[in-house]
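Student: In my numbering, the protein residues as written are 3 to 295. Shown below is the structure under consideration.
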Amino acid sequence: MARPAESVASAQTEERGLDALLRDVAALEALGDDWPEAQRRAAEARVRAVDALNAEAFRRLIRALKDLPGSAAVLREAAADEVVYAVLRRHGILKPSVFERVEAALDGIRPTLAGHGGDVELVSVEPPLAEVRFLGACDGCPASMLTFHAGVTKAIREGVPEIVEVRQVKSLGGGTSDSVHFTSPFAAGLSDGWRLAVRLAELPDGATRAVELEGRSLLLSRFGERVTCFENACAHLGLPLDDGEIEAGLITCAHHGFRYSLESGECLTAPEVQLQPHAVRVVGDRIDVRLTE
């Protein structure tokens with residue numbers, strides 16, 4: 003039996019993410035931009051009235067649920083959903099998270115940084131510590147430390163008193179899509195032949211993964227601000243390495259026990275051989291590889 007149109011529409015709405023729902027709201031709000039002022043004010047008043055009704059309903063519902071055994075955990079789990087969180091935040095039922103408050107503090111200084119071609123990115127927040135990263139012209143600028151202490155640290159501490167330590171970190175990623183964050187030293191002057199291997203987010207710090215590129219099997223590893231790339235082939239008999247054990251930056255071939263450094267490609271078992279390297283660079287959120295013949 004076919005479901006009523008209302009049920010189908012409801013099910014489709016439930017499956018949509020927060021971004022899509024917010025785009026619909028923004029599109030509807032834009033419809034009133036050219037309306038006469040009286041009509042626009044009437045529409046805005048209706049929205050405020052509906053918001054007030056919904057907010058009061060949510061408050062009463064939460065008060066009723068809070069007295070039930072185990073409800074606190076259920077409510078916390080529900081609030082972790084991005085759509086539920088966004089709606090409860092809109093109605094003032096949930097307070098801004100520490101992360102949001104630090105972001106708001108940084109928004110106050112971002113126009114100044116943007117005037118010099120830079121920006122600041124919030125990396126992590128775990129009170130009493132917040133970690134930030136400078137982007138664009140601010141990254142590596144001789145005056146960035148002054149900006150950090152006089153501007154960023156001051157803004158965060160004043161806006162979020164529970165943050166007592168602000169730490170500047172440097173790592174890959176961030177900035178514009180064409181910002182180069184790392185290039186293999188021997189390939190710094192090369193401008194062509196680069197191919198996208200994976201996105202930076204797909205290779206967390208300390209991770210190693212095998213990827214296929216133009217019919218070649220490669221091993222990519224990330225060590226803080228550096229990424230390495232080697233042919234996924236043991237220098238002994240050319241057998242794949244990706245099923246070998248990895249520990250402390252060393253990989254052991256599962257077939258005959260040859261051990262290699264994933265940072266340098268050096269073979270610890272037979273120093274006269276090493277893994278075949280490939281040039282690698284990080285541009286924006288991309289990890290590009292230039293294959294060696």
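Even glycine gets a Cβ: it sits at the ideal position worked out from N, Cα and C.
Based on DSSP bridge pairs, tell me the residues matched to glutamine 276.
Tutor: Glu268
Student: Specify the secondary structure class of valine 168 as computed by DSSP and reduced to three states.
Tutor: Correct three-state label for valine 168: strand.
Student: Go through the segment 17 to 93 residue by residue and report every complete run of the beta strand (DSSP E) that reaches 3 residues or more, in order.
Tutor: none
Student: Express the C-alpha separation of valine 104 and glutamate 233 in angstroms, rounding to a whole number.
Tutor: 43 Å
Student: What did DSSP end up calling valine 104 once you bin it into helix, strand or coil?
Tutor: helix
Student: If contacts are defined as beta-carbon pairs under 8 Å, then valine 282 and serine 219 qualify, I think. What distance do you get, rounded to the angstrom?
Tutor: Actually they are not in contact, since the Cβ atoms of valine 282 and serine 219 sit about 15 Å apart, beyond 8 Å.
Student: In or out: valine 49 buried (at least 16 other Cβ within 10 Å) or exposed?
Tutor: A residue is called buried when at least 16 other Cβ atoms come within 10 angstroms of its Cβ; valine 49 does not meet this threshold and is exposed.
Student: Taking 9 Å as the cut-off, decide whether the C-beta atoms of alanine 212 and proline 242 are in contact.
Tutor: yes
Student: Could you name the residues of the same chain whose beta carbon sits closer than 6 Å to that of isoleucine 332, not counting the 5 residues immediately before and after it, in chain order?
Tutor: Only positions 3 to 295 of the chain appear in this structure, which leaves residue 332 out of reach.
Student: What's the call for valine 291, buried or exposed, on a 16-neighbour Cβ count within 10 Å?
Tutor: buried
Student: Using CA atoms only, rank isn't needed, just tell me which of Val125, Phe60 and Ala51 is closest to leucine 108.
Tutor: Val125
Student: Apart from the five residues just before and just after valine 85, which ones in its own chain have a Cβ nearer than 8 Å to its Cβ?
Tutor: Gly19, Leu20 and Leu23
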